[in-house]
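With my numbering as the guide, the letters of the sequence shown map in order to residues 2 to 291.
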Amino acid sequence: METKELLKKVREIELKTRGLTKQVFSGEYHSAFKGRGMTFSEVKNYQFGDDVRSIDWNVTARFNEPFVKIFEEERELSVFMVLDISGSNNFGTRTRSKKELMLEIAAVLAFSAVANNDKVGAVFITDEVEKFIPPKKGRSHALMILRELILFKPKNKGTNLNEGLRFFRNVVKKRSICFLISDFYDENNFVEGLKIANRKHDMVALRIFDPVEKELPNLGLIKMFDAENNVVKWVNTSSKKVRTHYKNQFIKSEENLNVQLRKSGVDYASLSTDGKYLAELNKLFLKRSR
């Protein structure tokens with residue numbers, strides 16, 4: 002992709018997601034992801050109902066009337082995105098591919114972090130860690146992450162979420178918010194790795210999918226390509242038996258994934274490429290803020 006075309010695409014994504022960030026996530030992001038603790042802000046005159054444990058005895062003695070300390074939440078956070086860029090995420094049949102949906106979600110999260118003066122970083126993974134971008138503040142850093150996500154060509158096509166989670170745990174020592182964004186087509190058991198990461202960090206799993214992965218359309222004999230294993234199969238989608246089997250397999254894998262994510266103890270949401278992902282993301286943020 003040429004520089005001019007890249008800059009245009011990044012700008013389009015920024016304009017689109019910046020509006021969404023302000024419209025949908027302005028308050029939810031702040032309340033859903035709280036800071037590390039409380040820090041002293043100021044003192045005020047004691048009023049009936051104030052916690053007596055907050056009385057500032059030095060100021061009270063100086064002015065001969067009671068004053069209490071006011072504390073504010075320490076807001077500065079580090080937000081990480083562990084992004085699964087394996088071969089299966091190139092699939093898409095609607096307005097966008099899964100990778101393009103991931104790019105939009107990453108932009109929304111990155112600009113939400115920037116708007117709240119938080120640091121943002123990223124880890125790109127396949128079946129190994131492909132790239133690490135340390136967290137920094139500011140719009141220019143968020144845009145750099147998006148440019149890298151657009152241009153980056155992974156060495157591998159497979160998926161091993163444990164590798165990404167292990168790297169994240171080992172490299173990031175300070176408690177952070179971490180969004181694991183993937184279609185979760187991973188034959189490895191990642192539950193224990195997610196549990197361990199969630200003990201130290203605030204983990205959130207965002208599962209992306211395309212509607213056709215849920216239910217095959219009747220398109221006759223079609224060629225299907227497994228991008229992670231380089232396998233081609235011809236599938237007769239006219240057969241009701243084939244379509245029913247495909248749907249049942251999806252339901253089974255969906256139930257299994259939901260069980261695994263619940264076991265890991267993390268908050269999660271499923272986001273579709275058909276354009277309805279914002280409502281689910283907003284629902285997740287609202288649930289966390291209660």
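We put the CB at the ideal spot given by N, CA and C, even for glycine.
Environment of residue i [buried if 16+ CB atoms lie within 10 Å]
i	result
GLU129	exposed
VAL205	buried
MET225	exposed
VAL233	exposed
ASN46	exposed
LEU166	buried
ALA62	exposed
ALA280	exposed
LEU285	buried
SER141	exposed
LEU287	exposed
Inter-residue CB distance, residue i and residue j (contact presumed, cutoff 8 Å)
i	j	result
LEU207	VAL267	That pair is no contact at about 10 Å.
ILE197	LEU272	Actually they do not touch by this definition, with Cβ atoms about 25 Å apart.
VAL302	VAL115	The requested residue 302 does not occur in the structure, where the chain is confined to residues 2 to 291.
GLU86	GLU131	Just to set this straight, residue 86 is Ile in the shown sequence, not Glu. Right, the Cβ-Cβ distance comes to about 7 Å (below 8 Å), so this counts as a contact.
ASN219	SER239	6 Å
LEU102	TYR278	6 Å
LEU162	ASN189	7 Å
ASN118	LYS100	In fact, because the Cβ distance is near 29 Å, the residues do not count as touching under 8 Å.
Reference residue i, options the options, closest by Cα
i	options	result
LYS253	ALA270, GLU216, TRP235 and LEU222	GLU216
MET82	LYS248, LYS234, LEU147 and HIS246	LEU147
SER98	SER183, ILE71 and PHE169	SER183
THR160	GLU193, ARG170 and SER89	SER89
LEU78	ASP211, HIS246 and HIS202	HIS202
TYR247	ASP275, ASN257, GLU214 and SER55	GLU214
GLU255	VAL172, HIS142, PHE68 and TYR186	TYR186
TRP58	ASP51, ALA108 and PRO67	PRO67
LYS174	ARG140, LYS158, PRO135 and PHE191	PRO135
ILE106	ARG289, LYS288, ASN283 and LYS264	ASN283
GLU164	SER177, ARG176, LEU181 and THR245	LEU181
ILE178	ARG289, LYS241 and MET145	ARG289
GLU13	SER265, PHE133, ALA108 and LYS156	ALA108
MET145	THR94, PHE133 and SER265	PHE133
Which residues DSSP lists as bridging residue i, in chain order
i	result
VAL172	DSSP lists no partner for VAL172.
ILE134	ALA123
ARG208	SER183 and SER271
PHE64	Partner(s): none; PHE64 has no beta bridge.
VAL192	The partner list for VAL192 (beta bridge, DSSP) is empty, contrary to what the question assumes.
ILE56	VAL69
MET82	ALA123 and PHE180
LYS45	VAL69
ASP203	ILE178
Beta-carbon spacing of residue i, residue j below 8 Å
i	j	result
VAL53	LYS70	no
ILE126	LEU152	no
PHE92	ASP275	no
LEU104	VAL80	no
ALA143	PHE112	yes
ILE223	VAL236	yes
VAL192	GLN261	yes
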